[in-house]
């Protein structure tokens, strides 16, 4: 989306919820569907935040659950240092 910008947190939230809803509805049942959520939100907290979903991820997951009340929604907080001196994604990451 080069050249496009998101105007404010509400538009970002709405776009994220729309993307999540599309992904949830686009998925089809698998052989092991009983063991899986309909949707899993994977989120990396911001630099300097305590481990977990962070100040943005927590309300995002809450909003997704509210927007999709009939879907099972789980979340996964990416486990990484989230330090201010991290200058790359690490070995093997695209540059």
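Numbering (the numbering used here), first residue to last: 1 to 95. Using N, Cα and C, we set each Cβ at its ideal position, and we do this for glycine too.
For residue 88, the secondary structure class from DSSP, reduced to helix, strand or coil, is coil.
Secondary structure at residue 74: strand, using DSSP grouped into helix, strand and coil.
The alpha-carbon separation between residue 56 and residue 38 amounts to approximately 21 Å. Following the DSSP letters along the chain, one finds residue 60 inside the alpha helix (DSSP H) bounded by residues 54 to 67.
The distance from the Cβ of residue 73 to that of residue 64 is about 6 Å, consistent with a contact at the 8 Å cut-off. Across the structure, residue 68 and residue 61 are spaced so that their CA atoms are roughly 11 Å apart. Around the Cβ of residue 75, a 10 Å sphere holds 16 or more other Cβ atoms; the residue is buried. Within the same chain, Cβ atoms closer than 8 Å to the Cβ of residue 40 are found at 73, 74, 75, 76, the five residues on either side in sequence being excluded.
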